[in-house]
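>
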Amino acid sequence: MRAIRLWLAFVVMAAVVLAQPSINAVQNAASYIPAGLPNSGIAQGSMFFVKGTGLGPASVVIAKTYPLQTSIGGTSVQVTVGSRTVNAIMYYALAAQVAAILPSSTPVGTGSVTVTFNGQTSAPAPITVVQNNFGMFTISQSGTGDAIAFVGTTLLSPTAAAKPGDIVVFWGTGLGPVPDDETNAAKGGDLTNVPLEVYIGAKPAKILYRGRNACCSSVDTVYAEVPQGVAGCVTPVIMKIGNVVSNTATIPVAATGTVCTPTNFSQGDLNSLLSKGTYTVGGISLLHTVTVTPPITVGPITVPGATTRTDAGGATFFKILNTPGSAGLSSSFDIATFGACTVTTFSAGGSTPSVPGLVQYLDAGNTISVSGPSGARGMPKTTIGNLLTYFSQFDNTGTYLTAGQYTITGPSGPDVGPFTIGLNVPPPLVWTNQEATTTVNRANGVTLNWSGGDPAGYVQITGASSTLASAVNAATAAFTCTARTSDGTFTVPPVVLLALPASPVQSVSGFSVPIPGSLSIGSFSAAVHWPRCRYELITKSDVQEREIPGVDGLDCIIGCLSMAGTTIAGWNESLFAGRLKWDASPEGGRGLGLPTIEDHWPHH
């Protein structure tokens, strides 16, 4: 379990030390959920991050021995809830970020947190302390993507996947308080009275253990059995305590053996990609979008709704430099398992997690051409910083992308050779119950029905809601669910929707105006997905010569997207408030094979 210790020890950021500390974020150390979202609270006994400037020394100072202290490198953290102030237990300190343990004795409720460095104290920042709020550690160190999860001592990866019946060990923090001295390593023990639920691939999983890991303080492990019938390289995992859900992480699951079967491309191509330290990927998309904006009422005035239709196309080519066989790639190259959903969160000014490894964008020439039944269009090259992409909105009427045969031509560029691809656009998907989804009750889930689309393809259902309509501290949660087009229906379950905030209300001239979230369904044609589309190149006859020069794999997407403004409501905000039951084994949990302290964890 060396990887988890190294990871926790060195997730740090560099920043310039300022005279007075300044706080800009307080987050669970595993989930990174931004403040304001329903699952952003900091659990008693959990590890959390405080981010900002001037919080600590220029070089990281890490606790290396037990007992842990309430000050490290001149930095300390104080949390006040009500009339009580507690000193957090310090793990490391750096100018831009500190990691600390919130003592289990901290009262539950809203309060404030301050950071003191070299005698200078920051202005207080808000914090919400809750009893339970579990977050899973992920390889991307962002709270999304592949989980840090093991079967035995093997870190899961596409070529070392779990299978149904395996016991997977998930690492995280936030299961809840313990009655121990948290300045020392945890005793371990199953927290059986914490009503944890684990969903793997949308199916409930059997839990064998949920509690502190004896390796360290504040770090939890959850042992869960992979349900039967689950398989896929991007199998979502969500955990839930009461009505509070974790971040979404993913694991690779193989139906048999140890190599997962991708949903969106072949297992042979997966093996080929993972065997290379450097490989290139391209994506070409044609997308028909229908957007429905609901009417908005402000006092006596109602602004009518509107429906817009647009057709657009885009392309991107990039090279990924990565260690061959590296873990953390599953969620980057495949779609989620059919019938399951993933959730991502972000805040205003934040960044979207990137593909693990170094990404280098590739130049395929000045303009990529598209021709079809309604004529020709061009997708010119656009560069923004290091980003290089091709994009064009073909029209604002939604009349260009009709069913039929299309040809996409690349002229050749410095990095990508010339290519010509034939694509067939199927009839569009129709969202048949869109009018019934204008309000979504999170506790009940939401069902979407559709017809049309490519019967051999798949659909992706997405939804999002933000805490504020427009503010520098707005936070957003968004979900994506994947289903087969032939299913015709899909229900987004409450365990997914509970991660979204209720639609906010904004005051306009003294009137309250609800700001809707969004709900959409898109259909995609399986017949043109990578690597199949590269075999449909029509310039040469030999299959081996049909690949685009300079590109290992190409993802061609034909899509029809329907979007609607939706009010997110109806969350039951009750929290678990049961009495904690502590079942400590005589060996402190080591009978379950929990690791002992080593490497960069503090030593006794």
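Residue numbers (numbering that gives the first Met the number 0): 0 to 603.
Here a beta-carbon is modelled for each residue, glycine too, at the ideal position from N, C-alpha and C.
1. Under DSSP, the alpha helix (DSSP H) around L496 begins and ends at which residues?
2. Alpha carbon to alpha carbon, how far is G51 from N38?
3. From T79 to S217, what distance separates their C-alpha atoms?
4. Can you tell me whether DSSP reads E181 as helix, strand or coil?
5. Since G403 sits in a beta bridge, which residues does DSSP pair it with?
6. Whose C-alpha, out of V107, R83, N86, V76, is nearest the C-alpha of L93?
7. Tell me the residue span of the beta strand (DSSP E) that contains A254.
8. Please name the residue, chosen from K186, A185, G200, V177, that lies closest to N192 on a Cα-to-Cα basis.
9. Identify, in the order they occur along the chain, each residue of the same chain with its Cβ nearer than 6 Å to the Cβ of P410, setting aside the five sequence neighbours on each side.
10. In the DSSP output, which residue or residues are listed as bridge partners for L387?
11. Out of V358, G384, T381, G397, which has the shortest C-alpha to C-alpha gap to S373?
12. Return helix, strand or coil for T113, following the three-state DSSP convention.
13. Quick check on the DSSP output: the beta strand (DSSP E) that includes N448 runs from which residue to which?
14. In whole angstroms, what separates the C-alpha of G569 from that of V439?
15. Considering just the uninterrupted stretch of the beta strand (DSSP E) at N365, what are its terminal residues?
16. Near P607, what residues of its chain come up, given a Cβ to Cβ distance below 7 Å and the 5 sequence neighbours on each side ignored?
17. Helix, strand or coil, according to DSSP, for D414 in the structure here?
18. T401 and T408 - do their beta-carbons sit closer together than 7 Å?
19. Around the Cβ of R441, are there at least 16 other Cβ atoms within 10 angstroms (buried) or fewer (exposed)?
20. Alpha carbons only, please: which of G108, V358, V244, Q505 is nearest the one belonging to A498?
21. Short of 8 Å in beta carbon distance, which residues of its chain neighbour A463, apart from the five on each side in sequence? Order them along the chain.
22. Along the beta strand (DSSP E) that carries L195, what are the first and last residues, could you check?
23. Report the option in P106, V107, I71 whose CA atom is closest to the CA atom of V97.
24. Could I get the ranges of all uninterrupted beta strand (DSSP E) runs contained in the segment 20 to 108, with 3 residues as the minimum, in chain order?
25. List the whole-angstrom C-beta distance separating T484 from G456, where the pair is believed to meet the contact cut-off of C-beta under 8 Å.
26. For a test of the three-state rule: what should DSSP assign to A619, helix, strand or coil?
27. For D486, does the count of other Cβ atoms within 10 angstroms reach 16, so buried, or fall short, so exposed?
28. Over what stretch of residues does the beta strand (DSSP E) that includes L518 continue unbroken?
29. Going by DSSP, what residue range makes up the beta strand (DSSP E) through A501?
30. Could you pull the start and end residues of the beta strand (DSSP E) that Q227 belongs to?
31. Between the segment 193 to 200 and the segment 227 to 241, do three or more beta carbon pairs fall short of 8 Å?
32. Using 8 Å as the Cβ pair cut-off and three pairs as the minimum, do the segment 165 to 174 and the segment 210 to 229 touch?
33. What separation, rounded to the nearest whole angstrom, lies between the Cα atoms of M46 and I100?
34. Would you call V302 buried or exposed, if buried means 16 or more other Cβ atoms sit within 10 Å of its Cβ?
35. Just the Cα atoms here: how many angstroms apart are V491 and N443?
36. Leaving aside the five residues before and after V512 along the sequence, list all residues of the same chain whose C-beta is less than 7 Å from its C-beta, in chain order.
Working from what's here:
1. 493 to 496 is the extent of the alpha helix (DSSP H) around L496.
2. 21 Å
3. About 20 Å.
4. coil
5. V424
6. V76
7. Neither: A254 is in no beta strand (DSSP E) and is coded neither H nor E.
8. V177
9. G364
10. Answer by DSSP bridge pairing, in chain order: T382.
11. G397
12. Here T113 sits in strand by DSSP.
13. 445 to 451
14. Caution is warranted here: a pLDDT of 42 is assigned to G569, below 50, making its placement in the model unreliable, and no coordinate value can be reported.
15. Premise fails: N365 is in no beta strand (DSSP E) and is neither H nor E.
16. Coverage of the chain is limited to positions 0 through 603, which leaves residue 607 absent and any answer about it impossible.
17. coil
18. With a cutoff of 7 Å on beta-carbon distance, T408 and T401 are scored as not near each other.
19. A buried status is given to R441, since no fewer than 16 other beta-carbon atoms sit within 10 Å of its beta-carbon.
20. V244
21. Taken in chain order, the residues that qualify are T475, A476, A477, F478, L499, G516, S517.
22. Where L195 is concerned, the enclosing beta strand (DSSP E) starts and stops at 195 to 199.
23. I71
24. 21 to 27, 46 to 52, 74 to 80, 83 to 86, 88 to 92, 96 to 100
25. 5 Å
26. Because the chain is modelled from 0 through 603, residue 619 falls outside the range shown and cannot be assessed.
27. exposed
28. 516 to 523
29. Premise fails: A501 is in no beta strand (DSSP E) and is neither H nor E.
30. Careful: Q227 lies outside any beta strand (DSSP E) and carries neither H nor E.
31. yes
32. Yes, the segment 165 to 174 is in contact with the segment 210 to 229.
33. 4 Å
34. Counting the other Cβ atoms within 10 Å of the Cβ of V302 gives fewer than 16, which makes it exposed.
35. Near 9 Å, if we compare the C-alpha coordinates of N443 and V491.
36. I295, V297, V504, Q505
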